[in-house]
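Chains as they are written, first to last, in the numbering used here: chain A, 51 to 365; chain B, 51 to 365; chain C, 51 to 365.
Inspection log for the structure reproduced underneath, given as structure tokens.
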């Protein structure tokens, strides 16, 4: 799709530039030939450094771009991106190369491995498992029955994923029209799961909008846990059952999240933080410690609060 | 099963009427040839209008029925209905008509489409998907791997359902004996999902006891969300991950439910209401607004409450 | 593996005893030929009664063992057990005996029944279901599509398990190194589901570390519910959607857990207890009653607390 065609497709001003655009990406990660966008003013400082060939943004911000970057004027860049994302969405299956299966790997008959996938040695891929196109799986991996791995994911060595878990499902992202309708932002990214990760049954790890959702080495995730798009879960973190991370939140290494705890999106949680069961995090945590409650507070304070409430109850 | 046989089966008084009963239904929706019931006094006002051929109810309420409707006397109508529901439960598979598959639709080899199902054009039905008997699916639908759609459901056009989600599983309904045992109310109804709905991974939408659970046009549902039986989710509503609706609750259009929020059953939530993350709704919401907390309150009040609690903590 | 080899494998002091060890077990349940361990001082009282042939424990506690029991000295017995558990972990498939299928049982083509499994009469095993090795299923059971039952489980008669549910997935158990890494405790036990149990869609029931996770007769479990390893759920209990039990908690009979309620691990909940929606239990409950809130209190007190908070808000 050329820039000219994109401008036409988005209904923005006519553009004569016929450079071929190969994909969409963030301002920070876009390379030559890609189109990017400014959907939130907090990313304005990245405009001057972008390598994108074109950027969708309000014309008033165009002066912040490096010379030579083509401007696609839009008053609602996020909506423009949503519309355009459908065009750049990868098909479910895009390869004609038969899957590469390593020595000693056992694949059950009703598992489905898409073309373009690669599976390492000594893996066990059980019945009902789906492995998407271009997904790469390491050695000594066990995928229990009915696990689904979407396309483009990268799974490390000695990873175990229990029954029914979905890796790489679409993140929950939409642009909203003035009429209250939601336009899907097709999810372009993937999930990376590093070595020695174990994930329980019926959990979900969404793929990134752009880039990667990352589960780092040695992380252990329980059953029915939700990891939103573009999250990064630090090394050796532990996420207990029914906990959840909203999109774009980063956990440092060795964070412990208790059962049914959760975080809002776009937060950063300090390494070695412990979140008690049922705690709800709405602000980033800079200092490691033990936290409880919703709104979140230091666990010591939470205990003090409960003591005060108990006293109030007696009065 | 004739009325005479039903009376015998339920152990109620002998009935000589041998009219054939074709199904069970609510007082409001029953048609001629169906049997209905009065299990809650709040439905008494519907007795006089019912088109049912017979009604299970305490004899003392029989005078409220239209002339000609046969009375099956029961002191525990809900228990009688539970027992009888097993008899009228539809089999998992009831059709000998090979599934009808539209042009351009791609069905993966390990998907299972029951007889009597119909799938529209240009759909992708991925590996491990199950489509139940008499279920009808529109055009341009994507069912990701290991999705299960039970029998009799209706899925609109351009619907996307992510990996592992179950649509039409039995609602959670039982009649309870005095000994504390639970008698299953077999679920007779279905799920209707309208056009342009997207549902995330490993979510669950239960079928209705009678009638339909309805997800209206343009609704977006995240991962690990629970929708109970007979719920109605209004147009363009958004349900974030790990939220849940108990049975028979109705959301108006453009309701937003934050992560891990939930509602009790049999409630009505005003259109354009926003429920913050972790909020818990126990009463119907008449006025749109932003609500938080459990018990639920206006978000402004919740912030005030937190400020007061913080002050109490300092004292 | 002989004791001598185990000592070598764990790096404990050399042992000349070459008795063959057949498995690991708890102090209480170990039989001759098995190895056990003391990982928590609260089990010290069981040392004197153990039938284990060898016990991993700190040498300082060895004097509490019956004569003839071999001591494997370890300062970190739980870590030693984790390392050794991998050795004794059962393979996914260990039988050459074709599955035994009862009369009248219908198995869909894409279901996978492992060797060594037994399925009773008149069952329906739907598409995408996995039944593990040595698992035994009773009569008149329905396993809906994409249910996974791991190895060694025992499922009673007239059990219904809805789509996507995982039974027998590994419990969430790790020993932690001083560097913050987690060493998996391979789960040796199973799940027992008694007669007339119904489990909803996309729920998870973990297998026991040793012994059994038990769901007793007539229990009804909703969708997206988590049952941790070694839990016992009493007869006719009801667990509403999105509730969760952490490991080793025991519910008495006829316990009701509301939606999104949860318990910590190693608790005991009195029979006929009702836990309101969203309640969180951190201590055992001795007296039956209705409880709410987190921290948990009698429901009456919780209502009083809410009234006081509402008053505080007005002031």
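Here a beta-carbon is modelled for each residue, glycine too, at the ideal position from N, C-alpha and C.
Next item on the list: Quick one: give me the first and last residue of the alpha helix (DSSP H) that residue 58 (chain B) is part of.
Entry: What you label residue 58 (chain B) is simply residue 8 of the second chain in a count that begins at 1. Looking at the DSSP string, the run of the alpha helix (DSSP H) that includes residue 58 (chain B) is 53-60.
Next item on the list: Note down the Cα distance separating residue 190 (chain A) from residue 211 (chain A), rounded to an integer number of angstroms.
Entry: Taking the first residue of the first chain as 1, we reach residue 190 (chain A) at position 140. Taking the first residue of the first chain as 1, we reach residue 211 (chain A) at position 161. Taking the straight line joining both Cα atoms gives about 12 Å.
Next item on the list: Would you be able to state if there are at least three C-beta pairs under 8 Å between the segment 335-348 of chain A and the segment 326-336 of chain C?
Entry: Taking a cut-off of 8 Å on C-beta distances, the segment 326-336 of chain C does not touch the segment 335-348 of chain A, as fewer than three cross pairs fall below it.
Next item on the list: Answer yes or no: do residue 265 (chain B) and residue 283 (chain B) have a C-beta to C-beta separation smaller than 7 Å?
Entry: As a first step, residue 265 (chain B) must be located in the second chain, where it is residue number 215. As a first step, residue 283 (chain B) must be located in the second chain, where it is residue number 233. Between residue 265 (chain B) and residue 283 (chain B), the gap from beta carbon to beta carbon is short of 7 Å.
Checklist line | chain C contact residues for residue 200 (chain A), given Cβ-Cβ distances below 7 Å | finding: For the purposes of this step, residue 200 (chain A) is identified with residue 150 of the first chain, where counting begins at 1. Within chain C, no residue has its CB atom less than 7 Å from the CB of residue 200 (chain A), the nearest being about 17 Å off.
Notebook entry, point to check: Relative to chain C, which residues along the segment 248-260 of chain B have a C-beta separation below 8 Å, given in chain order?
Noted result: For the segment 248-260 of chain B, which is checked against every Cβ of chain C, the residues closer than 8 Å are 252, 253, 254 and 256.
Check: Cα-Cα, which of C:347, C:208, C:203 and C:110 is closest to residue 219 (chain C)?
Finding: To locate residue 219 (chain C), count along the third chain from 1; it is residue 169. Of the candidates C:347, C:208, C:203 and C:110, the one whose C-alpha sits nearest the C-alpha of residue 219 (chain C) is C:203.
Notebook entry, point to check: Shortest alpha-carbon distance to residue 261 (chain B) belongs to which of B:356, B:186 and B:237?
Noted result: For this step, residue 261 (chain B) is matched to residue 211 along the second chain. That would be B:237, whose Cα lies nearest to the Cα of residue 261 (chain B).
Checklist line | Own chain, CB closer than 8 Å to residue 125 (chain A), minus 5 neighbours either side, in chain order | finding: As a first step, residue 125 (chain A) must be located in the first chain, where it is residue number 75. Excluding positions up to five away in sequence, the list reads 108.
Item checked: Unbroken beta strand (DSSP E) run spanning residue 133 (chain B), endpoints -> The residue you call residue 133 (chain B) lines up with position 83 of the second chain. That residue, residue 133 (chain B), is in no beta strand (DSSP E); its alpha helix (DSSP H) goes 127-138.
Note to self: Is it buried or exposed, residue 240 (chain C), if we count other Cβ atoms within 10 angstroms and call 16 or more buried?
What the structure shows: Residue mapping note: residue 240 (chain C) aligns to position 190 of the third chain, counting from 1. So residue 240 (chain C) ends up on the buried side.
Notebook entry, point to check: From the DSSP output, which residues share a beta bridge with residue 276 (chain B)?
Noted result: For the purposes of this step, residue 276 (chain B) is taken as residue 226 along the second chain, with counting starting at 1. Answer by DSSP bridge pairing, in chain order: B:254 and B:294.
Item checked: Touch test, the segment 178-194 of chain B against the segment 160-169 of chain B, Cβ-Cβ under 8 Å, three pairs minimum -> Short answer: they touch.
Note to self: Rounded to whole angstroms, what is the Cα-Cα separation between residue 315 (chain C) and residue 252 (chain C)?
What the structure shows: Here the question's residue 315 (chain C) lines up with position 265 in the third chain. Here the question's residue 252 (chain C) lines up with position 202 in the third chain. Computed Cα separation, rounded: 22 Å.
Notebook entry, point to check: Could you give the residue range of the beta strand (DSSP E) that holds residue 216 (chain C)?
Noted result: As a working mapping, residue 216 (chain C) is identified with position 166 in the third chain. First-last of the beta strand (DSSP E) with residue 216 (chain C): 216-219.
Check: Considering only residues of the segment 150-222 of chain A, which uninterrupted alpha helix (DSSP H) runs meet the minimum length of 4 residues and lie entirely inside it, listed in chain order?
Finding: If only uninterrupted alpha helix (DSSP H) runs of at least 4 residues are considered, none is enclosed by the segment 150-222 of chain A.
Note to self: Can you look up residue 349 (chain C) in the DSSP assignment and give me helix, strand or coil?
What the structure shows: Along the third chain, read from residue 1 onward, the residue named residue 349 (chain C) stands at position 299. Correct three-state label for residue 349 (chain C): helix.
Note to self: Against chain A, which members of the segment 326-345 of chain C pass a CB distance test of less than 7 Å?
What the structure shows: Those residues of the segment 326-345 of chain C that come within reach of chain A (Cβ to Cβ, closer than 7 Å) are 330, 344 and 345.
Next item on the list: Output, in chain order, the set of chain C residues within a Cβ distance shorter than 9 Å of residue 274 (chain A).
Entry: Within the first chain, residue 274 (chain A) is the residue found at index 224, counting from 1. Chain-order list of chain C residues neighbouring residue 274 (chain A): 252, 253, 254, 274, 275, 276, 292 and 294, by C-beta distance under 9 Å.
Item checked: Partners in chain A for residue 216 (chain C), counting only beta-carbon separations shorter than 7 Å -> In the third chain, the residue the question calls residue 216 (chain C) occupies position 166. Neighbours of residue 216 (chain C) in chain A, taken as residues whose beta carbon is under 7 Å from its own, are 212, 213, 214, 251 and 252 in chain order.
Checklist line | Exposure label - residue 287 (chain C); buried when at least 16 CB within 10 Å | finding: In the third chain, residue 287 (chain C) corresponds to position 237, counting from 1. Counting Cβ neighbours within 10 Å, residue 287 (chain C) comes out buried, since at least 16 surround it.
Margin query: Can you give me the C-alpha to C-alpha distance between residue 59 (chain C) and residue 122 (chain C), rounded to a whole angstrom?
Written below: Within the third chain, residue 59 (chain C) is the residue found at index 9, counting from 1. Within the third chain, residue 122 (chain C) is the residue found at index 72, counting from 1. The alpha-carbon separation between residue 59 (chain C) and residue 122 (chain C) amounts to approximately 11 Å.
Margin query: Quick check: the Cα distance between residue 115 (chain A) and residue 183 (chain A), rounded to an integer number of angstroms?
Written below: Numbered from 1 along the first chain, position 65 holds the residue referred to as residue 115 (chain A). Numbered from 1 along the first chain, position 133 holds the residue referred to as residue 183 (chain A). Whole-angstrom Cα-Cα distance: 36 Å.
Checklist line | Boundaries of the beta strand (DSSP E) in which residue 122 (chain A) is found, first to last residue | finding: Numbered from 1 along the first chain, position 72 holds the residue referred to as residue 122 (chain A). Run containing residue 122 (chain A): 120-123, per the beta strand (DSSP E) assignment.
Notebook entry, point to check: Hey, does residue 231 (chain C) have any beta-carbon neighbour from chain A nearer than 7 Å?
Noted result: On the third chain, residue 231 (chain C) is found 181 positions in, with the first residue counted as 1. Cβ-Cβ to chain A under 7 Å: yes for residue 231 (chain C).
Check: With respect to the beta strand (DSSP E) encompassing residue 342 (chain B), which residues constitute its N-terminal and C-terminal limits?
Finding: Residue 342 (chain B) sits at position 292 when you count from the first residue of the second chain. 340-342 is the extent of the beta strand (DSSP E) around residue 342 (chain B).
Check: For the beta strand (DSSP E) that residue 87 (chain A) lies in, which residues bound it at each end?
Finding: Translated into positions along the first chain, residue 87 (chain A) becomes position 37. Counted as a single uninterrupted DSSP element, the beta strand (DSSP E) harbouring residue 87 (chain A) occupies residues 84-87.
Note to self: Report the CB separation of residue 98 (chain C) from residue 84 (chain C) in whole angstroms; it is logged as a contact under 8 Å.
What the structure shows: Locating residue 98 (chain C) in the third chain gives position 48, where the first residue counts as 1. Locating residue 84 (chain C) in the third chain gives position 34, where the first residue counts as 1. Actually they are not in contact, since the Cβ atoms of residue 98 (chain C) and residue 84 (chain C) sit about 17 Å apart, beyond 8 Å.
Check: residue 312 (chain A) and residue 294 (chain A) look like a contact to me (Cβ under 8 Å); what is the Cβ gap, rounded to whole Å?
Finding: By 1-based counting over the first chain, the position of residue 312 (chain A) is 262. By 1-based counting over the first chain, the position of residue 294 (chain A) is 244. With a Cβ gap of about 4 Å, residue 312 (chain A) and residue 294 (chain A) count as contacting.
Next item on the list: For chain C, find out if any of its Cβ atoms is closer than 7 Å to the Cβ of residue 138 (chain B); answer yes or no.
Entry: In the second chain, residue 138 (chain B) corresponds to position 88, counting from 1. Using a Cβ-Cβ cut-off of 7 Å, residue 138 (chain B) does not count as an interface residue toward chain C, since no Cβ of chain C sits closer than that to its own.
Next item on the list: Using a Cβ-Cβ cut-off of less than 8 Å, give me the residues of the segment 157-190 of chain C that come near chain B, in sequence order.
Entry: For the segment 157-190 of chain C, residues whose beta-carbon sits nearer than 8 Å to a beta-carbon of chain B comprise 158, 159, 160, 174, 176, 177 and 178.
Notebook entry, point to check: In chain order, what residues of the segment 292-320 of chain C put their CB closer than 8 Å to some CB of chain A?
Noted result: Of all residues in the segment 292-320 of chain C, 292, 294, 296, 310, 312 and 314 have a Cβ within less than 8 Å of some Cβ in chain A.
Note to self: Quick check on the DSSP output: the beta strand (DSSP E) that includes residue 104 (chain B) runs from which residue to which?
What the structure shows: For the purposes of this step, residue 104 (chain B) is identified with residue 54 of the second chain, where counting begins at 1. Boundaries of the beta strand (DSSP E) harbouring residue 104 (chain B): 104-107, taken from the DSSP string.
Checklist line | Beta bridge counterpart(s) of residue 248 (chain B) as assigned by DSSP | finding: As a first step, residue 248 (chain B) must be located in the second chain, where it is residue number 198. Paired residue(s): B:210 and B:270.
Check: At a Cβ threshold of 7 Å, is residue 267 (chain B) touching chain A?
Finding: Here the question's residue 267 (chain B) lines up with position 217 in the second chain. For residue 267 (chain B), the answer is no, since every Cβ of chain A falls outside 7 Å of its Cβ.
Notebook entry, point to check: Under a Cβ-count criterion, where at least 16 other Cβ atoms within 10 Å of its own Cβ denotes burial, should residue 57 (chain B) be classed as buried or exposed?
Noted result: Along the second chain, read from residue 1 onward, the residue named residue 57 (chain B) stands at position 7. Looking at its Cβ environment, which holds 16 or more other Cβ atoms inside 10 Å, residue 57 (chain B) is buried.
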